[in-house]
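Residue numbers (UniProt numbering): 1 to 89. C-beta: ideal position from N, C-alpha, C; glycine also. Right, one structure below, let's go through it.
So, in structure tokens, the structure goes:
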């Protein structure tokens, strides 16, 4: 996870700032001039869709990005869009 944070904080990524939400208990990075939020994750950990949904409520349905680092150090970016975490019956 440290590799994700260092990479995302690099100037070339658009001046992301680290944030921690006490209510959601989540660390994320956010661009200063947008509502986009990047959630760093390790590929061996599960994704809690309730957290994704709460982040969508806070920042907008299309402004959440998952930054997942795999075992080779590659970082995969996924933009979470509206309906991603909705339950289908």
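Subject >> Exposure of residue 74, with buried meaning 16 or more beta-carbon neighbours within 10 Å >> reply: Residue burial annotation: residue 74 is exposed, with fewer than 16 other C-beta atoms found within 10 angstroms of its C-beta.
Original post:
Opposite residue 31 in the DSSP bridges: which residues?
Top reply: Residue pairing of residue 31 in beta bridges, as defined by DSSP: 16.
Original post:
Who pairs with residue 65 in a beta bridge, going by DSSP?
Top reply: By DSSP's assignment, residue 65 forms a beta bridge with 38 and 79.
**OP:** Tell whether a beta-carbon distance below 8 Å holds between residue 76 and residue 68.
**Re:** Cβ atoms of residue 76 and residue 68: closer than 8 Å.
**OP:** Could you give the DSSP three-state label for residue 23: helix, strand or coil?
**Re:** DSSP places residue 23 in the coil class of the three-state scheme, outside both helix and strand.
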